[in-house]
Amino acid sequence: MVAEPTSAPSAADVRPVGALIEATFALWHRSWKRTFAFGVVYGLAALLPGVALQGVFSQVALASIALLGGQLLPALPLPLPLPLPSADPLAVLGSALLRLNTPSTWLLLASSVLGIVASTTALIAGQGAIARGEPFRAALRRGFARTPATLGAWLVYTVLVLVAALPFFALLVGAFVAALGGDVVLLMIALVVVLVGGLLASVPLAWASIAFALSPFASALDGSGPIAAQLRSRALVRGHWWRCATVVSLPLLVYLGAGGTASSLLLMACGGVVVLRDGWMGLLDPGWLLWSQLLAVPLQAALLPLAFAGGVVMYEDLRPHRAAGA
1 MVAEPTSAPS AADVRPVGAL IEATFALWHR SWKRTFAFGV VYGLAALLPG
51 VALQGVFSQV ALASIALLGG QLLPALPLPL PLPLPSADPL AVLGSALLRL
101 NTPSTWLLLA SSVLGIVAST TALIAGQGAI ARGEPFRAAL RRGFARTPAT
151 LGAWLVYTVL VLVAALPFFA LLVGAFVAAL GGDVVLLMIA LVVVLVGGLL
201 ASVPLAWASI AFALSPFASA LDGSGPIAAQ LRSRALVRGH WWRCATVVSL
251 PLLVYLGAGG TASSLLLMAC GGVVVLRDGW MGLLDPGWLL WSQLLAVPLQ
301 AALLPLAFAG GVVMYEDLRP HRAAGA
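Counting from 1, one number per residue, gives the positions in the sequence shown under full-length UniProt numbering.
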């Protein structure tokens, strides 16, 4: 058995970015039909939090409007007056959130997270099998068994990115506090600090988001533990940050752009049908939102493999096994 090296392959061992992007779209084309069912599970699992919000949607929506735009509403050409809450909007929002704090809500949220992670782990495992030329079903079985490790990798990755984002969030909070003070000079200074400091504060955030981006793929494809996956990702990306950022991010942006556009069109179409049938007040019934998202699930399921194909291709390109011949 060949020992696995701990360093990433050299620049001579990896393909150029253009070839990797081409391989990413080719992998999506080869895998979307075979992984379509996992995309459907992902889409349905992502809808579960919306089911939990059904009972308080109109209450939260009206309270949010009253809190954020209540002063502007009289000047807007609304087709009818909105039944805004007479009580303090913050109190109404707090009451709605307390109503959500039930075992059934937490069960829905836990089921949503588990469904999303299990489906994406299986999807990544399936794409990895196609990329490596391995048996598809066997790879899926391994992928399902690695769901807990992949969930841990996602959680640790999220924590690392949030920690890297703390300076940026601190700047935003400072600017918000300055805006509440009402001092124009202080507000202008805060805006300048946010603009300049935001550029500097975004550096660790951008670095961490890419340096550890391959950790879920290390868990799903090779069974690395949550912490080991972060270390493995960092070792692989070292010296290849820009290449990894391009190959991982570009297909993800295409997925978000295409999927977001289609979802928005369906949302507007469903909203228009509701207005024609029930009037503007019908928009306060959350059912139409779920229907619009359900209609978008098939298209999202077909596009979802593109969001992960870049990570699979990049992980396979940087795997030390390839350079070592293991």
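C-beta atoms are modelled at their ideal positions from N, C-alpha and C, and glycine is treated no differently.
Alpha-carbon to alpha-carbon, residue j and residue i
{"i": "leucine 114", "j": "glycine 223", "result": "18 Å"}
{"i": "serine 233", "j": "leucine 252", "result": "18 Å"}
{"i": "leucine 20", "j": "leucine 318", "result": "11 Å"}
{"i": "glycine 174", "j": "methionine 188", "result": "12 Å"}
{"i": "leucine 140", "j": "tyrosine 157", "result": "23 Å"}
{"i": "residue 408", "j": "glycine 126", "result": "Nothing about residue 408 can be read from this structure; the chain reaches only from 1 to 326."}
{"i": "arginine 238", "j": "alanine 211", "result": "7 Å"}
{"i": "glutamine 300", "j": "tryptophan 207", "result": "28 Å"}
{"i": "leucine 166", "j": "leucine 231", "result": "21 Å"}
{"i": "leucine 48", "j": "leucine 108", "result": "6 Å"}
{"i": "valine 228", "j": "alanine 153", "result": "One point to set straight first is that residue 228 is alanine, not valine, in the sequence displayed. Cα to Cα, alanine 228 sits roughly 9 Å from alanine 153."}
{"i": "tryptophan 288", "j": "serine 263", "result": "13 Å"}
{"i": "alanine 302", "j": "proline 16", "result": "27 Å"}
{"i": "proline 204", "j": "leucine 191", "result": "21 Å"}
{"i": "glycine 310", "j": "leucine 294", "result": "26 Å"}
{"i": "lysine 33", "j": "valine 163", "result": "37 Å"}
{"i": "glycine 18", "j": "alanine 258", "result": "21 Å"}
{"i": "alanine 122", "j": "valine 248", "result": "18 Å"}
{"i": "valine 177", "j": "valine 196", "result": "18 Å"}
{"i": "valine 254", "j": "serine 119", "result": "20 Å"}
{"i": "valine 159", "j": "glycine 271", "result": "37 Å"}
{"i": "leucine 199", "j": "leucine 250", "result": "21 Å"}
{"i": "leucine 214", "j": "alanine 307", "result": "13 Å"}
{"i": "valine 41", "j": "serine 111", "result": "11 Å"}
{"i": "leucine 72", "j": "alanine 37", "result": "Note that leucine 72 has pLDDT 47, beneath the 50 cutoff, so the model's placement of it is unreliable and no number is given."}
{"i": "glycine 143", "j": "glycine 128", "result": "10 Å"}
{"i": "alanine 269", "j": "phenylalanine 136", "result": "39 Å"}
{"i": "leucine 98", "j": "leucine 151", "result": "28 Å"}
{"i": "glutamate 134", "j": "glycine 43", "result": "27 Å"}
{"i": "alanine 23", "j": "glycine 39", "result": "21 Å"}
{"i": "alanine 138", "j": "leucine 290", "result": "35 Å"}
{"i": "threonine 261", "j": "glycine 279", "result": "25 Å"}
Whole-number beta carbon distance between residue j and residue i, since they are thought to touch under 8 Å
{"i": "alanine 131", "j": "valine 312", "result": "6 Å"}
{"i": "valine 194", "j": "leucine 171", "result": "5 Å"}
{"i": "threonine 35", "j": "proline 216", "result": "The Cβ separation is near 16 Å, so there is no contact."}
{"i": "isoleucine 124", "j": "alanine 220", "result": "4 Å"}
{"i": "phenylalanine 169", "j": "serine 202", "result": "Going by Cβ atoms, the distance from phenylalanine 169 to serine 202 rounds to 11 Å, so no, they are not a contact pair."}
{"i": "serine 292", "j": "leucine 266", "result": "5 Å"}
{"i": "tyrosine 315", "j": "alanine 218", "result": "7 Å"}
{"i": "leucine 276", "j": "proline 226", "result": "Leucine 276 to proline 226, Cβ: 50 Å. No contact."}
{"i": "valine 273", "j": "serine 209", "result": "With 8 Å as the limit, valine 273 and serine 209 do not qualify as a contact, their Cβ atoms being about 39 Å apart."}
DSSP state of residue i mapped onto helix, strand, coil
{"i": "tryptophan 207", "result": "helix"}
{"i": "glutamine 71", "result": "Residue placement at glutamine 71 cannot be trusted, given a pLDDT of 49 that sits under 50; what the coordinates show is reported in the next sentence. Of the three classes helix, strand and coil, the one that applies to glutamine 71 here is coil, per DSSP."}
{"i": "serine 31", "result": "helix"}
{"i": "residue 328", "result": "Outside the displayed span of the chain (1 to 326) sits residue 328, for which this structure offers no information."}
{"i": "arginine 142", "result": "helix"}
{"i": "glycine 279", "result": "coil"}
{"i": "arginine 99", "result": "helix"}
{"i": "glycine 311", "result": "helix"}
{"i": "proline 49", "result": "helix"}
{"i": "proline 167", "result": "helix"}
{"i": "proline 298", "result": "helix"}
{"i": "proline 305", "result": "helix"}
The ligand SAM heavy atom lying under 6 Å from the CB of residue i
{"i": "leucine 191", "result": "Of ligands this structure carries none, so the ligand SAM is not represented either."}
Taking one C-beta from the stretch 140-148 and one from the stretch 231-247 each time, how about it: are there three or more such pairs within less than 8 Å? no
With a cut-off of 8 Å, do at least 3 Cβ pairs link the stretch 101-114 to the stretch 46-53? yes
Inspect the CB distances between the stretch 24-43 and the stretch 271-285 and report whether three or more fall short of 8 Å. no
Every unbroken alpha helix (DSSP H) within the stretch 189-271, with a cutoff of 4 residues, ordered by chain: 215-222 and 226-237
Uninterrupted alpha helix (DSSP H) stretches inside the stretch 102-151 (no shorter than 4 residues): 103-132 and 136-145
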